[in-house]
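**Q** Quick one: the structure is below, and I'll ask about it shortly.
Residue numbers (our numbering): 5 to 282.
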């Protein structure tokens, strides 16, 4: 065999090796995971920038049948946790379970303004629908289930708010926060004006105003309040909301409970301050 033939065979062998290498690389690289990784980065950036409409365009899950419900959920989250300060990607993995087959999940550790020293885990699950990758599940959870009770309670409340009674719960919570604002500003007459009829029968307006003034003198202004839990009556006619805050002068933990009744509109049906004492 001449030199030309040997050179040709060597060159041919090199080409075949390159082709085999390219085939192996092509089969190794998962183009779907690349697409999901790119989309996942965009989605988390949308949340950081509060671009709800852009996020919703790539969202397809039963919990959020319309944009308005998704916006309420996000605003509720922002009100409780604050804006996203920073995040870290944990990674993207392919799901192999039967109900999640052919889907990917992306996990992030999120630092929110109101809990800057704690991490919140965010999970985005992606599915290919009509030849387009979309988020099919979107949830947040606390990083450690054994501590951070306040944070876990807040996250539980946020996740509960995606149910059908979301707007009702959200309205009740907003009313409680509005009452706190009016209380801190000394607008006691406004609070009296939204009392339930049964509560008004306990005393006249002057007596109620003196009660609130006494609470303010005893427990101070309400600041850095934290939500603990919420309960709903069986007939959904009354809501109980529990909060706590630290009184600035004495550094004592003060518990604050609201009862809010839902009739033709929302009324304050009860309010209670209590101190964390032995």
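Even glycine gets a Cβ: it sits at the ideal position worked out from N, Cα and C.
Going by beta carbon distance, what residues of the same chain come within less than 8 Å of residue 32, once the five residues before and after it are set aside?
**A** Its pLDDT being 42, under 50, residue 32 is placed unreliably by the model, and the measurement read from it follows with that caveat. Within the same chain, residue 32 has no close Cβ partners at all.
**Q** Counting C-beta neighbours from all protein chains within 10 Å, is the total for residue 80 16 or more, i.e. buried, or is it exposed?
**A** Burial call: buried.
**Q** How do the region 103-123 and the region 67-76 stand: do at least 3 beta-carbon pairs fall below 8 Å, yes or no?
**A** Touching, no.
**Q** Within its chain, find whatever has a CB closer than 7 Å to the CB of residue 119; leave out the 5 residues flanking it on each side and keep chain order.
**A** Within the same chain, residue 119 has close Cβ partners 85 and 155.
**Q** Going by alpha carbons, who is nearest to residue 223 out of 71, 206 and 249?
**A** It is 249.
**Q** Kindly provide the ranges of any alpha helix (DSSP H) runs that are 4 or more residues long and lie completely inside the region 66-93, ordered along the chain.
**A** The region 66-93 contains these whole alpha helix (DSSP H) runs: 71-85.
**Q** Could you tell me whether the region 60-72 touches the region 88-99, where touching means 3 or more Cβ pairs closer than 8 Å?
**A** No, the region 60-72 is not in contact with the region 88-99.
**Q** Do residue 212 and residue 196 have their CB atoms nearer than 7 Å?
**A** In this structure, residue 196 lies closer than 7 Å to residue 212 by Cβ.
**Q** Can you tell me whether DSSP reads residue 1 as helix, strand or coil?
**A** This structure leaves residue 1 out entirely; the chain is present only between 5 and 282.
**Q** Taking contact to mean at least 3 C-beta pairs separated by less than 8 Å, is the region 136-144 in contact with the region 205-220?
**A** Because the criterion of three Cβ pairs below 8 Å is not met, the region 136-144 and the region 205-220 do not touch.
**Q** What residues match up with residue 138 in a beta bridge as DSSP calls it?
**A** DSSP output for residue 138 lists 131 as bridge partner(s).
**Q** Use the C-beta contact count for residue 190: other C-beta atoms within 10 angstroms, 16 or more gives buried, fewer gives exposed.
**A** Exposed: under 16 other Cβ atoms inside 10 Å.
**Q** Are residue 216 and residue 234 close, meaning C-beta to C-beta below 7 Å?
**A** It is not a contact, given that the beta carbons lie outside the stated cut-off.
**Q** Using a threshold of 7 Å, state whether the C-beta atoms of residue 144 and residue 159 are closer than that.
**A** Yes, the Cβ-Cβ distance between residue 144 and residue 159 is below 7 Å.
**Q** Between the alpha carbons of residue 68 and residue 22, how many angstroms are there, rounded?
**A** Straight-line Cα distance between these residues: approximately 49 Å.
**Q** So what's residue 210 in DSSP terms, helix, strand or just coil?
**A** Residue state, collapsed to three classes: helix.
**Q** Report yes if the CB atom of residue 283 is closer than 7 Å to the CB atom of residue 181, and no otherwise.
**A** Nothing in the structure corresponds to residue 283, since the chain is present only between 5 and 282.
**Q** Let's see if you can read the secondary structure: which residues bound the alpha helix (DSSP H) around residue 203?
**A** That run of the alpha helix (DSSP H) goes 201-204.
**Q** Name the DSSP bridge partner or partners of residue 146?
**A** Residue 146 is bridged to 124.
**Q** Run the CB neighbour count on residue 258, radius 10 Å, all protein chains shown included, and call it buried at 16 or more, exposed below.
**A** With 16 or more Cβ atoms within 10 Å of its Cβ, residue 258 is classed as buried.
**Q** In terms of residue numbering, what span does the beta strand (DSSP E) encompassing residue 257 cover?
**A** It spans 257-266 - the beta strand (DSSP E) in which residue 257 sits, taken as one unbroken run.
**Q** Verify whether the separation of the beta carbon atoms of residue 140 and residue 129 is less than 7 Å.
**A** Yes. Within cutoff.
**Q** Should residue 29 be labelled buried (16 or more other beta-carbon atoms within 10 Å of its own) or exposed?
**A** Bear in mind that a pLDDT of 46 at residue 29, under 50, signals an unreliable position, so the model cannot answer this.
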